[in-house]
Amino acid sequence: MMIAHVSLPADDTAKVAETLARIMNGTAVPIPPGGPGAWMAWSGDELVEIEVIPRGAVMQPAEGGGNWQPQAEAASTSRRSECHFALCVDRPAKEVIDIAEAAGWPSTICDRGGFFHVVEVWIEDAFLMEVLDPEYTAAYKASMSLANWHSVFGTAQAALK
């Protein structure tokens with residue numbers, strides 16, 4: 007299984023897509039179905055696609071399928087989000103930080119409870135993307151399994167019906 011793509015909000019969609027593409031050694035292109043100003047960043051191997059949608063546009067059910075529609079009024083003045091994603095890349099953490107800082111985005115290396123490390127990149131100082139370089143990816147893969155999760159946190163596995 008794999009996640010085919012993710013989307014995130016941005017104020018400067020082109021700059022965000024171009025910076026994400028740079029982190030992934032890829033390419034940024036407009037995404038017309040996302041509406042005016044929507045962009046996507048493709049990884050160099052074309053296995054990852056990140057859609058960058060103008061902040062305030064929300065997915066709405068519509069005839070023929072859901073699409074992005076601008077909200078008449080923002081529900082909150084906060085630019086923060088309930089969600090984030092983690093991205094494994096081929097670049098060293100230092101290069102990721104350099105690229106993020108060149109874009110004006112706060113970034114730092116964080117320890118995730120002794121399980122693994124990530125580079126926290128705050129896209130436009132609003133949306134969290136965790137970036138794992140090759141070393142961090144290996145630690146993530148070694149520590150993040152359902153069995154390990156149950157072992158560490160004492161959670162019971164839900165029965166599947």
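For the sequence shown, the positions run 7 to 167 when the working numbering is used.
C-beta atoms are modelled at their ideal positions from N, C-alpha and C, and glycine is treated no differently.
Bear in mind that the values here come from a model prediction, so they are computed numbers and not experimental data.
Take F133, set aside five residues on each side of it, and the residues of its chain with a beta-carbon closer than 6 Å to its own are L14, S87, in chain order. Residue pairing by DSSP places E126 opposite T114, E136 in a beta bridge.
Residue pairing of C94 in beta bridges, as defined by DSSP: L138. Within the same chain, Cβ atoms closer than 7 Å to the Cβ of E126 are found at S113, T114, C116, L134, E136, the five residues on either side in sequence being excluded.
Counted as a single uninterrupted DSSP element, the beta strand (DSSP E) harbouring V58 occupies residues 55 to 60. Closest option to A27, judged by alpha-carbon separation, among F91, I105, H123, A92: I105.
Shown here, T161 sits in coil according to DSSP, grouped into three states, outside any helix or strand.
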